[in-house]
Amino acid sequence: MPDATRIDAELPQTQCTRCGYPACRPYAEAIAEGTAPINRCPPGGAATIAALARLLNAPVLPLDPECGVEAPRQIAWIDEAICIGCTKCILACPVDAIVGAAKRMHTVIAEDCTGCELCIAPCPVDCIELHPDPRPDTLALPAGQRSETAEFRARFEAHQRREAARQAEQQAKIARKRRELLLSTASQTLGEAIARAKARRRGED
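If you read the sequence shown in this note's numbering, its first letter stands for residue 1115, the second for the next number, and so on.
(1) Our contact map puts VAL1239 next to ALA1190 with C-beta atoms below 8 Å; I'd like the distance itself, whole angstroms only.
(2) Nearest-angstrom Cα distance between ALA1264 and GLN1127?
(3) In whole angstroms, give me the CA-to-CA distance for GLY1134 and CYS1155.
(4) Nearest to GLU1143 by alpha carbon, out of ARG1168, PRO1116, ALA1160, CYS1130?
(5) Would you list the one or two residues that DSSP bridges to ALA1190?
(6) Going straight from the alpha carbon of ALA1196 to that of ALA1206, what length do you get?
(7) Can you tell me whether ARG1187 is buried or exposed? The criterion is at least 16 other CB atoms within 10 Å of its CB, across all chains shown.
(8) What residues are listed by DSSP as bridge partners for THR1221?
(9) Let's see if you can read the secondary structure: which residues bound the alpha helix (DSSP H) around GLY1148?
(10) Specify the secondary structure class of GLN1129 as computed by DSSP and reduced to three states.
(11) Determine the DSSP secondary structure at ARG1166, reduced to helix, strand or coil.
(12) Would you check if the distance between the CB atom of ALA1160 and the CB atom of GLU1184 is smaller than 8 Å?
Structure (structure tokens):
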């Protein structure tokens, strides 16, 4: 059985989660472990299923309809006249292909968009549409000849590193505030105890 890295190389790296896994790599790992079939990737469609079948010496299967249908790749487009700058699409994008700031219009960097569609559902004003991807479809090419999938993977991994760093910083900030609160509470409690002791002494005098 080929390892997960070789299997992952055959996947389109859209990170769309339609396979039922949180990203392409976990799906590849599940295939390598024998716990997932090869036909759960709608963006890859028949070409990816055939490539995985060759790699694994397995029979070709039809795409699992529970995961979606195969369709020409599309990319996200934001109607900037409607966008309210809520940043929800930015947070949803697995490859950081959307730029913008809070209460400012957002824009999709078309060449970085994988067409995962994860930005659409969170948008509260329905200002995101899918447009045909002008880039040529290279999924039928051997994995080594598909430079865009390597770029998508690299961008996703960079996004994961940034997100991990952001979460670590957030947790550290929470821990600092908790320590400050504990120290403040302890200091206040000590001050109150000293004040009570002084009051008792005054009462005894």
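Where a beta carbon is used, it is the ideal one built from N, C-alpha and C, also for glycine.
According to the data block:
(1) Wrong, their Cβ atoms sit about 14 Å apart, outside the cutoff.
(2) When only Cα atoms are considered, ALA1264 and GLN1127 end up about 8 Å apart.
(3) Linking GLY1134 to CYS1155 through their CA atoms gives a straight-line distance of about 9 Å.
(4) PRO1116
(5) LEU1244
(6) Note on residue identity: the sequence assigns Ile, not Ala, to residue 1196. Looking at the two C-alpha atoms, the distance is approximately 18 Å.
(7) Answer is buried; the Cβ neighbour count reaches 16.
(8) VAL1213
(9) Taken as a continuous stretch (DSSP letters only), GLY1148 belongs to no alpha helix (DSSP H), as it is neither H nor E.
(10) coil
(11) For the sequence presented, residue 1166 should be read as Leu rather than Arg. Correct three-state label for LEU1166: helix.
(12) yes
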